Amino acid sequence: MYAGPVQGLIDELGRLPGVGPKSAQRIAFHLLKLSKEDAQRLSAAINEVKERVSFCRRCFNVAEVAAEGDGDALCELCGDARRDATVVCVVEEPRDIVAVEKTQEFSGRYHVLQGAINPIEGVGPDQLRVRELLSRIEGEGITEVILCTNPNIEGEATAMYLARLLSPLGVKTTRIASGLPVGGDLEYADELTLGRALSGRREVEG
Amino acid sequence: MSPSRLYRDQGVVLRTIRLGEADRIVTLVTPGHGKVRAVAKGVRKTKSRFGSRLEPISHVNLLMYEGRELDIVTQAETLDHFRTIREDLDRMGRAQSLLEAVDQVAQERELSARLYSMLVGALRSLAARDAPLLMGAFFWKLLSSEGAHPLLDHCATCGAPEDLVAFDLVEGGALCRACRRGVPVTPEALALLRRVLGGGLAAALEEPAGPVVAEVEQLATRSLEHHLERRLRTLHVLDRSR
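What follows is the structure, given as structure tokens:
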């Protein structure tokens, strides 16, 4: 429809998640209007991320590759000697690590499964980094595994599946609590969440 | 928003897929509107007023706004969240297989009160007790309600009433020794199958786990997959994880 390179750009942008043909067209024309420096900065950023970022060899978080050709990177968190190596927090995606880190409540290490069990989509444990987690338990002297997958059906199934695998290994396995979001109203809480908040209640020290 | 396009119904959530930043498209089976696909806005945010209500397996009362392709969920109220199913990996796997089978069988916007009530009944039964035969029995009932009721009393080819030793998925029934084709089947499995489809379901569900129950379930899965012309993904993913 448009001159070759412009159409090429629209097609590429249209492959991004959540970007339809109209949005792709809009973004492409915005990029056309940009100054050359701005456009090059964007393309350099994309190139850099592809060249310098890979998955951490230990926890599968995103990690910066120190030198070229070094595929065995360790992420910042795994490389930090101050973190507690005996507790590992299992999450679905690297962005979940960011969410947990923001709480400043956790100082152990992580393990990214890179997904969750989703039988309807055909995603089973074999497609996840489950085997790698099991080998870490024995190899790194881990004493507690925190199952921090999403509290939806896929995340719950993944947590239950992992709990079943981990129990014979004698490692303490915990699941993050479910409850009400701070600042929310009780009357809007759904029954399952409120039910879990009640069963997981704790004593208040006066 | 004209009031005529708002409607109320009940539904069981069959599956959800992510949409955009914080929304999901929820597929539901309802008695009054058949299989419905609707957008649940903001449902992935932690402060969403829907919370767990629109997760798969949930049985809900709904207020929906009818759209051209996708409806919009405006309110959802829990009828049953089946907590015992959600907290048991095996039951959850079986429940997901029931949901997948219903999702495959149900047609969008086609009335399916029977399908809906069968699913609700099966989920209630699964929540109360993890009967080994439940999934197999449900698949058979589903096939029967789809018009694929198997022939069990006579040979599907020659009509002979005795010596039925095989089950043919293509013919959809048992075959005698002379006509045999397809899968071998034991007389015990045929007898159990007759009970499931012949009004003895409640008693048949009391059957303990064993080779006969396994046979009926396997035959149910193969028949349903043959009928749907596709594999049931949930079964094979969870099989491997056991």
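Chains L and U, in that order, give the protein sequences.
Note that our numbering gives residue 825 to position 142 of the first sequence, counting from 1, and the numbers run on in steps of one.
Note that our numbering gives residue 131 to position 128 of the second sequence, counting from 1, and the numbers run on in steps of one.
Backbone N, C-alpha and C fix where the C-beta goes; we use that ideal spot for every residue, glycine too.
Computed from a prediction, not measured in an experiment: that's the story for all the values here.
### Message
Could you tell me which whole alpha helix (DSSP H) segments of length 4 or greater appear in the region 774–819 of chain L?
### Response
777–786
### Distance between beta carbons of Arg812 of chain L and Val795 of chain L, contact taken as under 8 Å
Indexing the first sequence from 1 puts residue 795 of chain L at position 112. Indexing the first sequence from 1 puts residue 812 of chain L at position 129. Contact holds; Cβ gap of about 7 Å.
### Task
State the start and end residues of the unbroken alpha helix (DSSP H) segment that holds Glu827 of chain L.
As a first step, residue 827 of chain L is located in the first sequence; it is residue number 144 there, counting from the start. Here Glu827 of chain L belongs to no alpha helix (DSSP H); instead the beta strand (DSSP E) covers 827–830.
### Query
Which residues of chain L have a Cβ atom closer than 7 Å to the Cβ of Thr160 of chain U, listed in chain order?
Residue 160 of chain U sits at position 157 when you count from the first residue of the second sequence. Under the 7 Å cutoff, chain L gives no residues; its nearest Cβ is about 36 Å from Thr160 of chain U.
### Task
Could you spell out the range, first to last residue, of the beta strand (DSSP E) harbouring Tyr68 of chain U?
The count along the second sequence starts at 1 and reaches residue 68 of chain U at position 65. Segment 62–68, the beta strand (DSSP E) holding Tyr68 of chain U.
### Task
Spell out the partners DSSP gives Ile710 of chain L in its beta bridges.
As a first step, residue 710 of chain L is located in the first sequence; it is residue number 27 there, counting from the start. Partner(s): none; Ile710 of chain L has no beta bridge.
### Message
Determine whether the beta carbon atoms of Leu92 of chain U and Leu126 of chain U lie at a separation below 9 Å.
### Response
As a first step, residue 92 of chain U must be located in the second sequence, where it is residue number 89. As a first step, residue 126 of chain U must be located in the second sequence, where it is residue number 123. No, the pair does not count as a contact, with Cβ atoms beyond the cut-off.
### Query
Taking the C-alpha atoms as reference points, what is the distance between Thr189 of chain U and Cys161 of chain U?
Sequence index remark: in the second sequence, residue 189 of chain U carries index 186 (1-based). Sequence index remark: in the second sequence, residue 161 of chain U carries index 158 (1-based). In a straight line, the C-alpha of Thr189 of chain U is about 19 Å away from that of Cys161 of chain U.
### Query
From what residue to what residue does the alpha helix (DSSP H) around Glu191 of chain U run?
Here the question's residue 191 of chain U lines up with position 188 in the second sequence. Here the alpha helix (DSSP H) through Glu191 of chain U covers 190–200.
### Task
Give me whichever residues DSSP pairs with Phe170 of chain U in a beta bridge.
Here residue 170 of chain U refers to the residue found at position 167 of the second sequence. In DSSP, Phe170 of chain U forms a bridge with U:Ala177, U:Val186.
### Message
Whole angstroms are fine: how far does the CA of Val46 of chain U sit from the CA of Glu886 of chain L?
### Response
What you label residue 886 of chain L is simply residue 203 of the first sequence in a count that begins at 1. What you label residue 46 of chain U is simply residue 43 of the second sequence in a count that begins at 1. Each residue's alpha carbon lies about 31 Å from the other.
### Query
Buried or exposed: which applies to Asp26 of chain U, given that a residue is buried once 16 or more other Cβ atoms fall within 10 Å of its Cβ?
As a working mapping, residue 26 of chain U is identified with position 23 in the second sequence. The residue in question, Asp26 of chain U, is buried, as its Cβ has 16 or more Cβ neighbours within 10 Å.
### Task
Step through the CB atoms of chain U and report whether any lies within less than 9 Å of the CB of Ala840 of chain L.
Residue mapping note: residue 840 of chain L aligns to position 157 of the first sequence, counting from 1. Yes, because at least one Cβ of chain U sits closer than 9 Å to the Cβ of Ala840 of chain L.
### Query
Can the beta-carbon of Thr237 of chain U be found less than 9 Å from the beta-carbon of Glu149 of chain U?
Locating residue 237 of chain U in the second sequence gives position 234, where the first residue counts as 1. Locating residue 149 of chain U in the second sequence gives position 146, where the first residue counts as 1. Taking 9 Å as the Cβ cut-off, Thr237 of chain U and Glu149 of chain U do not qualify as a contacting pair.
### Message
According to DSSP, simplified to helix, strand and coil, what is Ala842 of chain L?
### Response
Numbered from 1 along the first sequence, position 159 holds the residue referred to as residue 842 of chain L. Ala842 of chain L falls in the helix class under three-state DSSP.
#### Entry: Phe53 of chain U at chain L interface by Cβ criterion, 9 Å
Within the second sequence, residue 53 of chain U is the residue found at index 50, counting from 1. Closer than 9 Å to some Cβ of chain L, the Cβ of Phe53 of chain U qualifies, so yes.
### Task
Give the DSSP bridge partners of Ser737 of chain L, in chain order.
Position 54 of the first sequence, counting from 1, holds the residue named residue 737 of chain L. DSSP lists L:Ala746 as partners of Ser737 of chain L.
### Query
Secondary structure at Thr224 of chain U, three-state DSSP: helix, strand or coil?
What you label residue 224 of chain U is simply residue 221 of the second sequence in a count that begins at 1. Correct three-state label for Thr224 of chain U: helix.
### Query
For Cys772 of chain L, which of helix, strand or coil comes out of DSSP?
Position 89 of the first sequence, counting from 1, holds the residue named residue 772 of chain L. Note: Cys772 of chain L maps to strand in three-state DSSP.
### Query
Where DSSP assigns a beta bridge to Asp83 of chain U, which residues make up the other side?
In the second sequence, residue 83 of chain U corresponds to position 80, counting from 1. Asp83 of chain U is bridged to U:His62.
### Task
Report the partner residues of Asp767 of chain L according to the DSSP bridge assignment.
As a working note, residue 767 of chain L is residue 84 in the first sequence. DSSP output for Asp767 of chain L lists L:Gly791 as bridge partner(s).
### Message
Is the separation between the beta-carbon of Ser128 of chain U and that of Gly37 of chain U shorter than 9 Å?
### Response
Against the second sequence, residue 128 of chain U aligns to sequence position 125. Against the second sequence, residue 37 of chain U aligns to sequence position 34. No, Cβ-Cβ distance for Ser128 of chain U and Gly37 of chain U is not below 9 Å.
### Query
Taking the Cβ atom as the reference point for each residue, do Tyr68 of chain U and Arg132 of chain U lie within a distance shorter than 9 Å?
Residue numbering aside, residue 68 of chain U sits at position 65 when the second sequence is read from its first letter. Residue numbering aside, residue 132 of chain U sits at position 129 when the second sequence is read from its first letter. Going by C-beta atoms, Tyr68 of chain U is not nearer than 9 Å to Arg132 of chain U.
### Task
Compare the C-beta of Val806 of chain L against all C-beta atoms of chain U and say whether one is closer than 9 Å.
Reading the first sequence from its first residue, position 123 is the one you call residue 806 of chain L. For Val806 of chain L, the answer is yes, since a Cβ of chain U falls inside 9 Å of its Cβ.
### Minimum Cβ-Cβ distance from Asp106 of chain U to chain L less than 9 Å
Locating residue 106 of chain U in the second sequence gives position 103, where the first residue counts as 1. Closer than 9 Å: yes.
### Query
What is the DSSP secondary structure of Arg21 of chain U, reduced to helix, strand or coil?
Taking the second sequence and counting its residues from 1, one reaches residue 21 of chain U at position 18. Strand, per DSSP.
### Listed by chain order, chain L residues near Gly23 of chain U by CB distance under 8 Å
If you number the second sequence from 1, residue 23 of chain U lands on position 20. Simply Gly701.
### Query
Going along the chain, which residues of its own chain have a beta-carbon closer than 6 Å to the beta-carbon of Pro187 of chain U, five neighbours each way excluded?
Along the second sequence, one-based indexing puts residue 187 of chain U at 184. Answer for Pro187 of chain U: Ala169, listed in chain order.
### Task
Please say whether Gly14 of chain U and Leu65 of chain U have beta carbons closer to each other than 9 Å?
In the second sequence, residue 65 of chain U corresponds to position 62, counting from 1. In the second sequence, residue 14 of chain U corresponds to position 11, counting from 1. Contact: yes.
### Message
Using DSSP's beta-bridge definition, name the partner residues of Glu111 of chain U.
### Response
Counting from 1 along the second sequence, the entry for residue 111 of chain U is found at position 108. The partner list for Glu111 of chain U (beta bridge, DSSP) reads U:Gly37, U:Lys38.
#### Entry: is_contact[Asn744 of chain L, chain U] using C-beta, thresh 9 Å
Against the first sequence, residue 744 of chain L aligns to sequence position 61. Cβ-Cβ to chain U under 9 Å: no for Asn744 of chain L.
### Query
In whole angstroms, what is the alpha-carbon distance linking Ser147 of chain U and Ile20 of chain U?
For the purposes of this step, residue 147 of chain U is identified with residue 144 of the second sequence, where counting begins at 1. For the purposes of this step, residue 20 of chain U is identified with residue 17 of the second sequence, where counting begins at 1. Whole-angstrom Cα-Cα distance: 30 Å.
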